[in-house]
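So the protein sequences, as listed, match chains A and B. In this text, residue positions in the first sequence follow the numbering used here: the first is 1, and each later residue adds one. In this text, residue positions in the second sequence follow the numbering used here: the first is 1001, and each later residue adds one.
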Amino acid sequence: MSLLDVRDLTVAYGRQVAVKGVSFTVEQGEVVAVVGESGSGKTTTANAIIGLHPASSGKVLLNGVDIAGWSQRRLRSIRGHRIGLVPQDPSNSLNPVMKIGRQIGEILKIHKYGDRAGIRRRVIELLTRVGLDDPERRAGQYPHELSGGMRQRVLIAIAIALRPSLIIADEPTSALDVTVQRRILDLIDDLRKEYGTAVLLVTHDLGVAAARSDRLVVMKDGLIEESGGVREVLAAPAAPYTRRLFEDAPALTAREFKSVDTSAEPAIVVRDLVKEFGSFRAVDGVSFEVLRGSTHALVGESGSGKTTTARIVTRFTGATSGEVVIGGDPVSPRDFRRRVQLVYQNPYGSLDPRQTVAGIVEEPLRNFRLGDRAARRARVKELLERVALPETLLERRPGELSGGQRQRVAIARALAVEPEVVVLDEAVSALDVTVQAQILTLLEELQRDLGLTYLFISHDLAVVRQISHTVSVMNKGRIVESGTTHQIFDSPREEYTRELLAAVAEPVR
Amino acid sequence: MTKYLLKRAGQALLVLWAAFTAAYILLQALPGDSILIKFQNPELGLSPEQIAEIREYYDAGGYLHTVLGFLHGDFGYSVDTGAPVVERLAEGLPETAKLATCAFVLAVLLAVLIAFGSAYSGRLRGLLLAVPALFISVPAFWLGILLIQIFSFRLRLVPVIGGTELQQLVLPVLTLAVPISAPIAQVLARSIDQVLTQPFVPVVAAKGASRSWILWRHVARNALPPTLTVAGLVFGELIAGSVVTETVFGRGGIGRLTEQAVNAQDTPVLLAVVVLAATVFVVVNLLVDVLFPVLDPRLAT
């Protein structure tokens, strides 16, 4: 008998059916990864298993007992006790106004684990087990006093508190830095071995799924496309969708490194850049050059100073000292905006929801008084075609577009004034792998056709490997190491670079 | 933290001074002359010189003198009765304080009942959330009269005149509380809804917590700060509301005093009432500001 046996599970939100008859099993102590893109129904499936979303039909057998039809009251005895949950986003998954110790103790209290002193002891034990230093002090702190990785450890402590036989981990590391990500996944692995707990790992990250699971369940549009042992599926994906997913995932497919044309002029020269916020040095003596027509990646974890550097390059922030030269000679602030454009990470936030697509793309042209109405109109159409968006979208608003379409609109807007340099700040990080692959291809085409120079800010090494010619690795405001992408990935000289690379899945390394 | 408090206290003093000055200027600019209204009465037979002398007595010193007087707790004399303003305020204050405190507590209780009630029940939700809109659109004077009609004349539960202190208090408190509870209920209901959409809520549910556990132990404290802001703001309404309520129910108090002072153009009393109201308002909101970092530790840093 399987630990968890999901049969023909169907879940609907109102009329929309999000999960359409899904069946899979999880055995004692194994890791099953449910992978899929956003909207595939993977998270809904996970929520339906513990009854946070009512199932419309189908069975959820836990040790042979169907819990799908149970009342909320009955389900409460299972939640936390038999099935633990490690949620997606550690920054918002803890109550901000309750101390850490109480939030862990709570699960013990709900399930009547013991008296006050017993609970207190167990909380300290758990905090120690998940590797938090000074657990006594941590128990008395609030979530905002802890880093993202520490918060995720607290959430894991909550999930394992009652030694459940199954842990559902819903994107447990997507919001974390790569090195932290690896430590958290290692921790989950250790606990699994120690307690014999099974893990249902819900993730969009194929690299994580491939490296950490025994079996894979690939979902798309609420259906299972393919499932099987992780080695078998990786070696010979049966479903066309799975194959495409793997091909598009930069973490799973190693490509040729880009060769660097060293004869080109530098388009961006950054020298001894320093930025201080009060007494804190966010950027500490950063220097690099980007050759015309090439892509330079700034790689680092959160707090490394890469975004601040990008903001200085785009002149949204002034530097404390140092200089940035773009295109060789100084220009007026207004002309500068024509030369350098920015594409931002979040395509939801960087487009005005009230403007139409045509209005968004036309706005820079109007700001710079380029052409009359008819000329601008024609240029907007040309730009949309350039980024492969159909003309029918002209009068739509951002809310009616998909994530990938929105990012195409943002790129079209950036290209409107024919810039030389485009700064891409985590420009593909929020996108699903297949969409990400399309946008990356688009960026490569545009670079080739228009001779663009990219400064590519990213935390995702797999993406960086694919798109960039040269790389600078940043840590704590400094550049740790820089070189061609080939050098950095194949023969890293610095320990920090090696640590970053170790966190990336096998084929890319 | 101390810096934050000092800054807030400084702002409070500034607001008080501004309220005082604005009231002073406005009352001076009012057309009509309270001294003439009262003393230019043929029956009194006062000569213009004598009236000028009386005027001197009341207005002595102008703005600066009045400010200094207020700082020493000397609010001058009522033009209407000749009694010191302090005495008249002291007469009315306990009654109004009783009424306002009870009404505020009741308003908060009503708001909590409506907001949490709607968070619990699926079916009653729409109905409960319509209540604040109804409450706020009911004029206080009309509500007062309606309550007297129903409870005193129809049901004969509460005597119109006489009765115990509690009986005298019930209807005015209700009249005052109902419109005030509406904005509090609305904001509380909305912030509860908002907190319920936060990712930490399903995490608590996944621990095996019940709906009540989630609502009272997690959502309540998170939903409190915006509600507190509104509660502080509507505190000002209590003073305005007490004018109508005390008049309708024939109760003594600051509201009643205000009404009399307006009729008699009793400037010193009005000025004192404005300053009193402003003080209460400012102190309450200062308390709210102090409570904020206590409720939300993120603000303490």
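All residues carry an ideal CB built from backbone N, CA and C; glycine is no exception.
Ordered along the chain, which non-local residues of its own chain (more than five positions away) have a Cβ less than 8 Å from that of residue 1252 of chain B?
As a first step, residue 1252 of chain B is located in the second sequence; it is residue number 252 there, counting from the start. Contacts found: 1091, 1092, 1095, 1246.
Taking the beta carbon of residue 508 of chain A as the centre, do at least 16 other beta carbons fall within 10 Å, making it buried, or is it exposed?
In the first sequence, residue 508 of chain A corresponds to position 508, counting from 1. In this prediction, residue 508 of chain A has a pLDDT of 41, which is less than 50 and means its spatial position is unreliable; what the coordinates show is noted afterwards. If you draw a 10 Å sphere on the C-beta of residue 508 of chain A, you find 16 or more other C-beta atoms in it, and that means buried.
Just mark residue 941 of chain B as buried or exposed, buried being the case when its beta carbon has 16 or more other beta carbons within 10 Å.
Any answer about residue 941 of chain B is impossible in this case: the structure gives chain B only from 1001 up to 1301.
Mind listing which residues of the segment 1214-1233 of chain B have their C-beta closer than 7 Å to chain A's C-betas, in chain order?
1218, 1221, 1222
Look up residue 470 of chain A in the DSSP assignment and say whether it is helix, strand or coil.
What you label residue 470 of chain A is simply residue 470 of the first sequence in a count that begins at 1. Strand.
Residue 1204 of chain B and residue 1214 of chain B - do their beta-carbons sit closer together than 8 Å?
Counted from its first residue, the second sequence places residue 1214 of chain B at position 214. Counted from its first residue, the second sequence places residue 1204 of chain B at position 204. Yes, these two residues count as a Cβ contact at 8 Å.
On the DSSP bridge assignment, give the partners of residue 475 of chain A in chain order.
Here the question's residue 475 of chain A lines up with position 475 in the first sequence. Paired residue(s): A/478.
Cβ atoms of residue 1249 of chain B and residue 1144 of chain B: under 8 Å apart, would you say?
Start at 1 with the first residue of the second sequence, and residue 1144 of chain B comes out as number 144. Start at 1 with the first residue of the second sequence, and residue 1249 of chain B comes out as number 249. It is a contact, given that the beta carbons lie within the stated cut-off.
Do residue 158 of chain A and residue 78 of chain A have their CB atoms nearer than 8 Å?
Position 158 of the first sequence, counting from 1, holds the residue named residue 158 of chain A. Position 78 of the first sequence, counting from 1, holds the residue named residue 78 of chain A. Cβ atoms of residue 158 of chain A and residue 78 of chain A: not closer than 8 Å.
In whole angstroms, what is the alpha-carbon distance linking residue 489 of chain A and residue 366 of chain A?
Taking the first residue of the first sequence as position 1, residue 489 of chain A is located at position 489. Taking the first residue of the first sequence as position 1, residue 366 of chain A is located at position 366. In a straight line, the C-alpha of residue 489 of chain A is about 43 Å away from that of residue 366 of chain A.
What are the residues that DSSP puts in a beta bridge with residue 85 of chain A?
Position 85 of the first sequence, counting from 1, holds the residue named residue 85 of chain A. In the DSSP output, where bridge partners are listed per residue, residue 85 of chain A has A/168.
Give me the Cβ distance between residue 270 of chain A and residue 260 of chain A, rounded to the nearest whole Å; I'm assuming they're in contact under 8 Å.
For the purposes of this step, residue 270 of chain A is taken as the residue at position 270 of the first sequence. For the purposes of this step, residue 260 of chain A is taken as the residue at position 260 of the first sequence. 18 Å between Cβ atoms; not a contact.
Excluding five sequence neighbours on each side, which residues of the same chain lie with their C-beta closer than 7 Å to the C-beta of residue 322 of chain A?
Numbered from 1 along the first sequence, position 322 holds the residue referred to as residue 322 of chain A. These residues qualify, in order along the chain: 271, 272, 273, 274.
Restricting to Cα atoms, I'd like to know which of B/1107, B/1050, B/1106, B/1129 is closest to residue 1117 of chain B.
Against the second sequence, residue 1117 of chain B aligns to sequence position 117. Per the Cα distances, B/1129.
Residue-level contact to chain A via CB, residue 1276 of chain B, 8 Å cutoff:
The count along the second sequence starts at 1 and reaches residue 1276 of chain B at position 276. No, residue 1276 of chain B lies away from the interface with chain A (no Cβ there is under 8 Å from its Cβ).
Residue 454 of chain A versus A/207, A/426, A/476, residue with shortest Cα-Cα distance:
Taking the first sequence and counting its residues from 1, one reaches residue 454 of chain A at position 454. The option with the nearest alpha carbon to residue 454 of chain A is A/426.
Chain B contact for residue 11 of chain A (CB, 8 Å cutoff)
Walking along the first sequence from the start, residue 11 of chain A turns up at place 11. Cβ-Cβ to chain B under 8 Å: no for residue 11 of chain A.
Please specify which runs of the alpha helix (DSSP H), each continuous and at least 4 residues long, are wholly inside the segment 317-349 of chain A, giving them in chain order.
333-339
Since residue 228 of chain A and residue 216 of chain A are thought to touch, with beta carbons under 8 Å apart, how far apart are those beta carbons, to the nearest angstrom?
Position 228 of the first sequence, counting from 1, holds the residue named residue 228 of chain A. Position 216 of the first sequence, counting from 1, holds the residue named residue 216 of chain A. Yes, residue 228 of chain A and residue 216 of chain A are in contact; Cβ-Cβ is about 7 Å, under 8 Å.
Just to confirm my understanding: we take residue 154 of chain A, look at its own chain, exclude 5 residues before and 5 after, and list those with CB closer than 6 Å. What are they?
On the first sequence, residue 154 of chain A is found 154 positions in, with the first residue counted as 1. So the qualifying residues of the chain are 100.
Counting beta carbon pairs with one atom in the segment 1223-1234 of chain B and one in the segment 1179-1199 of chain B, are three or more of them shorter than 8 Å?
yes
Compute the beta-carbon to beta-carbon distance between residue 164 of chain A and residue 83 of chain A, rounded to the nearest angstrom, for a pair I have assumed lies under 8 Å.
As a working mapping, residue 164 of chain A is identified with position 164 in the first sequence. As a working mapping, residue 83 of chain A is identified with position 83 in the first sequence. With a Cβ gap of about 5 Å, residue 164 of chain A and residue 83 of chain A count as contacting.
Proximal residues of chain B, C-beta to C-beta of residue 391 of chain A below 7 Å
Mapped onto the first sequence, residue 391 of chain A falls at position 391. Residues of chain B passing the Cβ test: none, with the nearest at roughly 37 Å.
Beta-carbon neighbours of residue 77 of chain A, restricted to chain B and to distances below 8 Å
Sequence index remark: in the first sequence, residue 77 of chain A carries index 77 (1-based). 1208, listed in chain order.
Interface positions of the segment 1177-1207 of chain B facing chain A (Cβ-Cβ less than 8 Å), listed along the chain
1198, 1199, 1200, 1202, 1203, 1204, 1205, 1206, 1207
Have a look at residue 1124 of chain B and residue 5 of chain A and give me their C-alpha separation to the nearest angstrom.
Start at 1 with the first residue of the second sequence, and residue 1124 of chain B comes out as number 124. Start at 1 with the first residue of the first sequence, and residue 5 of chain A comes out as number 5. For residue 1124 of chain B and residue 5 of chain A, the distance between alpha carbons rounds to 38 Å.
Hey, residue 76 of chain A and residue 1210 of chain B are a contact pair by Cβ (cut 8 Å); roughly how many whole angstroms apart?
Translated into positions along the first sequence, residue 76 of chain A becomes position 76. Translated into positions along the second sequence, residue 1210 of chain B becomes position 210. Yes, they are in contact, since the Cβ atoms of residue 76 of chain A and residue 1210 of chain B sit about 6 Å apart, within 8 Å.
For a test of the three-state rule: what should DSSP assign to residue 508 of chain A, helix, strand or coil?
Taking the first residue of the first sequence as position 1, residue 508 of chain A is located at position 508. With a pLDDT of 41 at residue 508 of chain A, under the threshold of 50, the predicted position of this residue should be treated as unreliable, and no value is reported.
Euclidean distance between Cα positions of residue 139 of chain A and residue 441 of chain A:
In the first sequence, residue 139 of chain A corresponds to position 139, counting from 1. In the first sequence, residue 441 of chain A corresponds to position 441, counting from 1. Near 48 Å, if we compare the C-alpha coordinates of residue 441 of chain A and residue 139 of chain A.
Using a cut-off of 9 Å between C-beta atoms, extract the partners of residue 1295 of chain B located in chain C.
Absent from the structure is chain C; the protein chains it does hold are A and B.
N- and C-terminal bounds of the beta strand (DSSP E) containing residue 111 of chain A
On the first sequence, position 111 is the one that residue 111 of chain A refers to. Segment: none, residue 111 of chain A is in no beta strand (DSSP E) and carries neither H nor E.
Please list, in chain order, the chain B residues whose beta carbon lies closer than 7 Å to that of residue 165 of chain A.
For this step, residue 165 of chain A is matched to residue 165 along the first sequence. Correct list: empty, because the minimum Cβ distance to chain B is about 15 Å.
Could you tell me the boundaries of the beta strand (DSSP E) in which residue 219 of chain A lies?
For the purposes of this step, residue 219 of chain A is taken as residue 219 along the first sequence, with counting starting at 1. Looking at the DSSP string, the run of the beta strand (DSSP E) that includes residue 219 of chain A is 215-220.
Spell out whether any CB of chain A is found under 8 Å from the CB atom of residue 1123 of chain B.
Here residue 1123 of chain B refers to the residue found at position 123 when the second sequence is read from its first residue. Cβ-Cβ to chain A under 8 Å: no for residue 1123 of chain B.
Same chain, Cβ closer than 8 Å to residue 340 of chain A, five either side skipped, listed in chain order
Residue numbering aside, residue 340 of chain A sits at position 340 when the first sequence is read from its first letter. For residue 340 of chain A, where only same-chain residues beyond five positions count, the Cβ hits under 8 Å are 313, 314, 315, 326, 419, 420, 421, 422, 423.
Separation of residue 61 of chain A from residue 46 of chain A, as counted between CA atoms:
By one-based count along the first sequence, residue 46 of chain A stands at place 46. By one-based count along the first sequence, residue 61 of chain A stands at place 61. About 14 Å.
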